[in-house]
Every structure is written in C-alpha cells, then in structure tokens.
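Going down the list, the sequences are from chains A and X.
When we follow the numbering used here, the leftmost residue of the first sequence carries the number -9, and every step to the right adds one.
When we follow the numbering used here, the leftmost residue of the second sequence carries the number 43, and every step to the right adds one.
All remarks here apply to the structure that follows.
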Amino acid sequence: MSSLLRLATAGSVDDGKSTLVGRLLYDTKSVLADQLDAVQRASVDRGLSTPDLSLLVDGLRSEREQGITIDVAYRYFATPKRSFVLADTPGHVQYTRNTVTGASTAQLAVLLVDARKGVVEQTRRHAAVLALLGVPRLVLAVNKVDLIGYDEAAFTVIAKEFAAHASSLGYSEGSVLAIPVSALVGDNVATRSENTPWYTGPTLLEHLENVPVAPDPHEAPFRFPVQYVIRPRTPEYPDYRGYAGQIAAGTVRPGDEVVVLPRGLRTTVERVDTPDGQLEEAGAGSSVTVLLADDLDIARGDLIASAADRPEVTDAFTAALCWLSTKSLQPGARVLVKHGARTVQAMVEELNSRFDEQALSIVEGPDSLELNEIGSVKLRLSEEIPVDDYATSARTGAFLVIDPKDGDTLAAGLVGERFSALGGSEQE
Amino acid sequence: MTTLEAATDAARDNLIALESEAVHIFREVAGEFDRPVILFSGGKDSTLLLHLAIKAFWPAPVPFPLLHVDTGHNFEEVIDFRDRVVEKYGLRLVVAHVQDWIDDGRLVERPDGTRNPLQTQPLLDTIAEHKFDAVFGGGRRDEERARAKERIFSLRNAFGQWDPRRQRPELWNLYNGRHRPGEHVRVFPLSNWTEADVWNYIAREGVDLPSIYYAHKRKVYRRDGMWLTEGPWGGPREGEKVEELTVRYRTVGDGSCTGAVESTASTVEDVIAEVQASRLTERGATRADDRLSEAAMEDRKREGYF
Ligand SMILES: Nc1nc2c(ncn2[C@@H]2O[C@H](COP(=O)(O)OP(=O)(O)OP(=O)(O)O)[C@@H](O)[C@H]2O)c(=O)[nH]1
Ligand SMILES: [Mg+2]
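This is the structure:
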C-alpha cells in the first residue's frame, strides 16, 4: 500500500469542505494548541458557541470576512497508517481555477454535497473537471446529515443520483463511495456515528487510510524531459555532460536504448547519476541526471524516451482544454503551449466542440470557449514536439496554455480525445 | 515487514519525493529565468534550501548568488555559520544591511525596536537594483495558514506585493514563470515540507546547522510569553528578570522578536523527538511578530515580505 495519499476537496460553495477538512485535522489531533487557540478566539469574536473549524484552513483575511474559501489551502497530516497531502479548494464558481489547481495532482477527491440540496450545478461541474483530469477515485460526502435528521432515504436518493452521474463520466462503481457525514458534529468523519446505524460502510478517515491508490506509472514507457544541461567544466569534472530532469513516466537503467526527441537521435543510457551516487535504476518522480553514450547536441526542452516505445512527434494534435480565464477563447487565437520543459508558439486552429458538463452532452462547433468551460480543440504548433495521450501518460500528455501578451495561464490542456472518456461520445 | 519497518520505509520514500520535487523546481528556475537569487540567512530552512540547490546542479556549482537581508539583530553563531558556508562552497553573497536604510533615512526604527518588518524595503530595493527575477525563499505551507495558501511560483508585482486573488492556477508540475519587466517571482521549493520533514531530512543528510538550533545554556528574560535574549537589539527592561536556562531555537529571525524554547535536545535525533511531541507550531512557540494580529503574516506578505 502506498504510504502517501494526495487528496483534494470539491463541491459547491458552503457545502462544508473547509469545515470537513478542519474536522479531519482536529479529529486526527493534527491541530496544535496555538492554532486551536487562534481559532477559538476568532470564533468567540464572531459570536459562535463552538469553534468554527473551517477557520483552520480559511487563512486569508477576505476568506474569514466573507466566510468562503477563495484559494487552495494545502495541509499535511498523518495517521499511523498513512500520510496525507490535502488541498482544500474553493466551491465558488468564480474560483474554479483554484479548484483545478488543487485537483490536478490529486489521487482522490472528496466531493461534498449539502444533504438538504443534493447534487447541484457546481457538483456536476467539479465532477466533470475531476473526470477530465483523471482523478482516479471519488468520495461523495453527503454532508450536514445532522440537518436532515439523519434520514437514510434522503441519503440514498442523493447517493444513487450521483452514482449514475459518475458512471456516465466514466467512473466505475468501485471507484466511488458515498458516505453520510456531518463535518460540524463529526459524524462518520473519524468516528462512526450512532446517529446513522443504517450506514455500514467505513468512516471517511478509514476509507482514506485504506483506499488503494495507483502507484506512480513505473510500468509505463520511459519519459524524461530534459530540464537543464549540467556541464561543470571544473578541474575535477572537465568533460562531464549530464542531462538533468525528473522522470515523468517509466524507469531507466544504464544500458537502456533511448531516443532523443523531437529530432529522433538514438543512443544508450550510460549512467544515471545523483549526488549520492550512481543508480542501478530510477523510476517515475525521481529527479536524476542522465549521461548518454554519444556526444549529442541536447538542450532544455528535449525529451529522452524509450526507443522501443516512443511518443508521437507532431506539430498538430487534438486536445481538451479546461478554460480558466475570463478572457474567452476564439478559434484562430495565438497562444503559448508549455509542455514538459519546452514552451512553443501555437494556434488554436479549430474549436471542435464543448462538453456540456450539466447535461453530459457534446455541443459541436461552439463560437467560443468561456471561463470554466471544457472544450476540444485542434492545436497547430510552430514546431514539432513529442506528446503522449493524457490517458496513457498524464505527465507528458499535460500542458499549459499561456497568454503570450501578459503571461497568464489560460487553460489546463490534455492531449487526446478526452471527451470519449467522459461518456459524452454517444451523443456525438 | 513489521509495521515499524513499513513506517520507516514510508518516511524515507516521502523524503525522497520531497527532495525530487525541490530539485525539479530549482532546475526549472535555472532553465527559465535570467537572474535568480537564493534568500539565505543561515537559518535552518535557508540552509536546507542551499543544500538542495547544491544537489540540483551537482557536480556543477550552484548557478545563483545568495542574498541576505541583515537586520543587524543577529545571532553571532548564525552569521559565522553563514560566512563559513559561503566560503566552503565558493558562493557569492549579497548582503542588504537594514542599518544602511535607517542611516540614510529611507527607513525609521520602530518604537518597539523590532526590525523584522523593516526587512521588506531593503529586500525589494535590492531585488530591483540587481534585477533579480526569481527569488528563492524557504517558506513552507505548514508554517502558517496564510502561507498554506501560497503557490510554489508566486508572482509579485512591480512593488513586490503578493495579491492572493491574482495568483495563477498551478497545474501538475508545470510552472509558469512568465512575468513582466519589473515584476518578479518568489519561488518556494520547500512548500510541501513540514517541520518534521525538515528535521528528518537534516538527520538523513547530515546537514550542518548553526549551534543555536541545539540545546545550550543562555541568559534569557521573559516578555510576551517568550524567552528573549540580550543582544544588540536591547535587553531586559526594568522588572524583567534574567535567568540562565537550557534552551534552543526552533526558528531564527530578528533577535528582538525570536524566542528561545526550553529544551535539552542536543542532537538532531533529540530535536526530531521534541518536534514530534510539541503541542505548539514553530512560529506560535517562537515568533512575536506573528502574534500581532490574526492576519499578521498575510499583511506582511502582501507588502512584499518573504
Ligand atoms: N449543520 C451543519 N452545518 C455545517 C456542516 N458542515 C458545514 N456546515 C456549515 O456550513 C457553512 C459553510 O461551511 P464551509 O466549510 O465554510 O463550506 P465550504 O464548502 O468550505 O465553502 P467554500 O469553500 O466557500 O466553497 C458554515 O457555516 C459551516 O458551519 C454540517 O455538517 N452540519
Ligand atoms: Mg471552504
């Protein structure tokens, strides 16, 4: 079992995400005395009789003033079973880009709904974003069950409706779990509630501690974006030339046949170096320095890949975009694409379709893509780059869309026909 | 495998992952920026930062200079340590002396004598003077809840200010370092480290630290619930009793507002045990500057503080 779980919250504004995170931290004794004192004082100032645990995470002044989350908060906690990196994201539609930020690296998302309201527009929007990003597991936390008298029937209706929705988005039955919780009172968060005798599943914490998570893609073919060329030219290392980077997928060993893309130069790995010594093997996620058998001209932005299983090298591809900017996207727009360690100029040649995340249908040929919309585009680049399908290699299938004028990040980009995975394909 | 072995394995994997992430961030900045600089005070987080930078570019030298904003309220052991490290690795150190800004009237001394808040102006002036475009800081998200909201690449406007509402989405491990002339980016490679991670890594790597991080005898006096020590920033006021205690420092900042904690932890292993058992955060235990108000850290960050 993996020792670390990266998770993010999601769900509509005020559904109780930050309170739930505060509750998890509090019940796992991850809150230190001075932090709790500060929350207690602030709660008293606000006229509350019990401490408002959301104040543990809503760390900005304007968040506390408005009682909403604006930006992602990252918190770290551990139980004897596992360590957790938790991103608490905002529910407000205006800050969806921050939710995408928190979810992009998550292995599991806790999607909250208010038991009184059930699945709402923003729940569906977040579910679509999580499916698009390929977050492998979901928990539907049906929160505030204290306000519906711990009613089993109401819980079941919401859980069923969501299960059907998630299944349309491509989630298998086993990858989604619904839990009735009260973040405020603590029911089924870290301790089993006596108020919900009809619920026999795990508490949220039990589930988080035990849920299997996909390991890093060690099985995948080797992908290594060259970040930096290390050439000391010192008396001690006059001829050293190493290619530094973080392995995006697969593993590498000395002797492996590789190809340097986009130019397609073939060579062999001579050494895998670290300051702590040479490695016999290094896998996805490791930052290493690779030395090659041949003296080739390789620079930042190149990709070293398995010679046997190499990515496509192309200057045109289809991709899904999750649009994160208030500036809308029109076909013909000129943008920058940051992929791996390479940034290239690009043009959005066609805006093929938009995914209607409410109806789960595909809208062909939209005029534009607006804030928080998900679209499928055809991109043309100024030069060829090596790309993988996001579904097979997320780290080499992901890219940023950047505004060349002011440098803003406009969209999260995912190489490939992502919409077929989102279950919208039948309506095409 | 026993549970203990599994837990030890897990902890080691976690440190390797954190190290790889930090190294990746250093290399991204080296690849994308023209004039990066590492903020280096000689404290534990900045020492760790430098240790990781050295690993990121090994066997080549670190391709950035260091910058220390010196309040003049220093612990001697820390300045000695700073200078030894700079010498050992052949680095270039730029020092901005807060005293110079006070002497020529660009800053005025505060009535309470604390110089921590006075660091911002010299920092921003020095960044502008040297045209630094990326500034590495040792800030960690677990230090404080406004810091928990910080990106790894944090864009600062031409006045060095942090605007949480303007922060860019930060997706996967793709960092967008674009900025307009005059703007710069603060980069936090230790964002995802906790205080316990820092100490476990220091133990694993055998990183050398200034001696004041370990238990020693010191003359201290009590103020605002903290053990302060005498120094160039002043000493006990009337009625404040001086005692000799065995203490260590959990954080090191401006001497006038950094408190010592009572501790007998004289080795890195002792410190790890102590941190694990502590019921207070490191800032809560030792920093008067964070206690000023509910949003003290956020306000300083907005003005351009680290
Ligand atoms: N009765 C009850 N109230 C709750 C529960 N969970 C949260 N609340 C209340 O719901 C309100 C919103 O809670 P938050 O935790 O701030 O909601 P959020 O989802 O983080 O909101 P955003 O981050 O702004 O999207 C607060 O007043 C909470 O006290 C619950 O289980 N029961
Ligand atoms: Mg919230």
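Here a beta-carbon is modelled for each residue, glycine too, at the ideal position from N, C-alpha and C.
Computed from a predicted model, the values in this text were never measured in an experiment.
If you draw a straight line from the alpha carbon of K107/A to that of V104/X, how long is it in whole angstroms?
-> Here residue 107/A is taken as the residue at index 117 of the first sequence, counted from 1. Here residue 104/X is taken as the residue at index 62 of the second sequence, counted from 1. Near 56 Å, if we compare the C-alpha coordinates of V104/X and K107/A.
Which term fits D175/X, buried or exposed, when burial requires 16 or more other beta carbons within 10 angstroms of its beta carbon?
-> Within the second sequence, the letter at position 133 stands for residue 175/X. Buried: at least 16 other Cβ atoms inside 10 Å.
Would you say the region 257 to 275 of chain A touches the region 237 to 245 of chain A, given that touching needs at least three Cβ pairs under 8 Å?
-> yes
Evaluate G161/X with the Cβ neighbour count: other Cβ atoms within 10 Å of its Cβ, from every protein chain shown; 16 or more gives buried, anything less gives exposed.
-> Counting from one through the second sequence, the residue named residue 161/X turns up at place 119. Per the sequence presented here, residue 161/X reads as Gln, with Gly not at that position. Buried: at least 16 other Cβ atoms inside 10 Å.
Go ahead and label N200/A buried or exposed: buried means 16 or more other beta carbons lie within 10 angstroms of its beta carbon, across all protein chains shown.
-> For the purposes of this step, residue 200/A is identified with residue 210 of the first sequence, where counting begins at 1. Burial call: exposed.
Could you name the residues of the same chain whose beta carbon sits closer than 8 Å to that of L57/X, not counting the 5 residues immediately before and after it, in chain order?
-> Sequence index remark: in the second sequence, residue 57/X carries index 15 (1-based). Answer for L57/X: D239, N242, Y243 and R246, listed in chain order.
What are the boundary residues of the beta strand (DSSP E) that I392/A is part of?
-> Here residue 392/A refers to the residue found at position 402 when the first sequence is read from its first residue. It spans A388 to I392 - the beta strand (DSSP E) in which I392/A sits, taken as one unbroken run.
So is A95/X buried or exposed if we call it buried at 16+ other beta carbons inside 10 Å?
-> Taking the second sequence and counting its residues from 1, the one referred to as residue 95/X is at position 53. Buried, because 16 or more other Cβ atoms sit within 10 Å of the Cβ of A95/X.
From A401/A, A96/A, A298/A and G406/A, residue whose alpha carbon lies closest to that of R213/A | The residue given as residue 213/A occupies position 223 in the first sequence. Among A401/A, A96/A, A298/A and G406/A, the Cα nearest to that of R213/A belongs to A298/A.
Out of curiosity, what's the CA-to-CA distance linking M339/X and Y263/X?
-> Here residue 339/X refers to the residue found at position 297 when the second sequence is read from its first residue. Here residue 263/X refers to the residue found at position 221 when the second sequence is read from its first residue. Between M339/X and Y263/X, the C-alpha separation is close to 25 Å.
Beta-carbon neighbours of T236/X, restricted to chain A and to distances below 7 Å | To locate residue 236/X, count along the second sequence from 1; it is residue 194. Neighbours of T236/X on chain A, chain order: Y66.
Terminal residues of the beta strand (DSSP E) in which F67/A lies = Stepping through the first sequence from its first residue, residue 67/A is reached at position 77. It spans A63 to A68 - the beta strand (DSSP E) in which F67/A sits, taken as one unbroken run.
What residues match up with D184/X in a beta bridge as DSSP calls it?
-> What you label residue 184/X is simply residue 142 of the second sequence in a count that begins at 1. DSSP lists no partner for D184/X.
If you count every other CB in all the chains shown that lies within 10 Å of the CB of F106/X, and 16 or more means buried, which is it?
-> By one-based count along the second sequence, residue 106/X stands at place 64. Counting Cβ neighbours within 10 Å, F106/X comes out buried, since at least 16 surround it.
Quick one, which of R(-4)/A, S366/A and L282/A has its alpha-carbon nearest D357/A's?
-> On the first sequence, position 367 is the one that residue 357/A refers to. Taking only the C-alpha atoms, the option nearest D357/A is S366/A.
Separation of E324/X from E142/A, as counted between CA atoms = Position 152 of the first sequence, counted from the first residue, corresponds to residue 142/A. Position 282 of the second sequence, counted from the first residue, corresponds to residue 324/X. Whole-angstrom Cα-Cα distance: 44 Å.
Inspect the beta-carbon positions of A323/A and T279/A and report whether they are closer than 7 Å.
-> By one-based count along the first sequence, residue 323/A stands at place 333. By one-based count along the first sequence, residue 279/A stands at place 289. Contact: no.
Inside the region 66 to 130 of chain A only - beta strand (DSSP E) runs reaching at least 3 residues | 73 to 78 and 98 to 104
Is there a Cβ from chain A that is less than 7 Å from the Cβ of M43/X?
-> Counting from one through the second sequence, the residue named residue 43/X turns up at place 1. Its pLDDT being 45, under 50, M43/X is placed unreliably by the model, and nothing is read from it.
Whole-Å CB distance - A173/A paired with G6/A, under 8 Å assumed = If you number the first sequence from 1, residue 173/A lands on position 183. If you number the first sequence from 1, residue 6/A lands on position 16. Indeed they touch by this definition, with Cβ atoms about 4 Å apart.
Give every residue whose Cβ lies closer than 5 Å to any heavy atom of ligand 2, listed in chain order.
-> K7/A, S8/A and T59/A
Find the residues of chain X that neighbour P265/A, judging by a C-beta separation of less than 8 Å, and give them in chain order.
-> The residue labelled residue 265/A in the question sits at position 275 within the first sequence. Those are I96, K97, W100 and P101, listed as they occur along chain X.
Beta-carbon contacts of K368/A that lie in its chain and below 6 Å, excluding the five residues immediately before and after | Counting from 1 along the first sequence, the entry for residue 368/A is found at position 378. Cβ neighbours of K368/A beyond the five flanking positions: T308, E339 and E340.
Does any heavy atom of ligand 1 sit closer than 6 Å to the C-beta of D4/A?
-> Here residue 4/A refers to the residue found at position 14 of the first sequence. Indeed, a heavy atom of ligand 1 lies less than 6 Å from the Cβ.
Give me the Cα-Cα distance between A96/A and E373/A, rounded to the nearest whole angstrom.
-> As a first step, residue 96/A must be located in the first sequence, where it is residue number 106. As a first step, residue 373/A must be located in the first sequence, where it is residue number 383. Spanning the two alpha carbons is a distance of roughly 32 Å.
Identify which residue in R332/A, R31/A, N185/A and V248/A has its Cα closest to the Cα of D292/A.
-> Along the first sequence, one-based indexing puts residue 292/A at 302. For D292/A, the nearest C-alpha among the options comes from R332/A.
Quick one: Cα of A234/X to Cα of L412/A, how far?
-> If you number the second sequence from 1, residue 234/X lands on position 192. If you number the first sequence from 1, residue 412/A lands on position 422. Per the sequence presented here, residue 234/X reads as Asn, with Ala not at that position. Approximately 32 Å between the Cα atoms of the pair.
Give me the Cα-Cα distance between V83/A and F345/A, rounded to the nearest whole angstrom.
-> Translated into the one-based positions of the first sequence, residue 83/A becomes position 93. Translated into the one-based positions of the first sequence, residue 345/A becomes position 355. Cα to Cα, V83/A sits roughly 17 Å from F345/A.
Sub-7 Å separation of V93/A and V125/A beta-carbons = Stepping through the first sequence from its first residue, residue 93/A is reached at position 103. Stepping through the first sequence from its first residue, residue 125/A is reached at position 135. Before going further, note that residue 93/A is Ala rather than Val in the sequence given. Yes, these two residues count as a Cβ contact at 7 Å.
Mind checking the region 383 to 410 of chain A against chain X and listing, in chain order, the residues whose C-beta falls within less than 8 Å of any C-beta there?
-> A384, R385, A388, F389, L390, I392, D396, G397, D398, T399 and A402
Nearest-angstrom Cα distance between A59/X and S88/X?
-> As a working mapping, residue 59/X is identified with position 17 in the second sequence. As a working mapping, residue 88/X is identified with position 46 in the second sequence. Between A59/X and S88/X, the C-alpha separation is close to 19 Å.
Which first and last residues belong to the alpha helix (DSSP H) in which L15/A is found?
-> As a working note, residue 15/A is residue 25 in the first sequence. K7 to D17 is the extent of the alpha helix (DSSP H) around L15/A.
Determine, using beta carbons only, whether E324/X comes closer than 7 Å to chain A.
-> Against the second sequence, residue 324/X aligns to sequence position 282. So no, E324/X is outside the interface.
Indicate, with yes or no, if ligand 1 has a heavy atom lying under 6 Å from the CB of P41/A.
-> For the purposes of this step, residue 41/A is taken as the residue at position 51 of the first sequence. Answer for P41/A: no, Cβ out of range of ligand 1.
Cβ of T89/A less than 7 Å from any chain X Cβ?
-> Position 99 of the first sequence, counting from 1, holds the residue named residue 89/A. Answer no: the Cβ-Cβ gap between T89/A and chain X never drops below 7 Å.
How big is the Cα-Cα spacing for E270/A and P211/A?
-> In the first sequence, residue 270/A corresponds to position 280, counting from 1. In the first sequence, residue 211/A corresponds to position 221, counting from 1. Those two C-alpha atoms are separated by around 17 Å.
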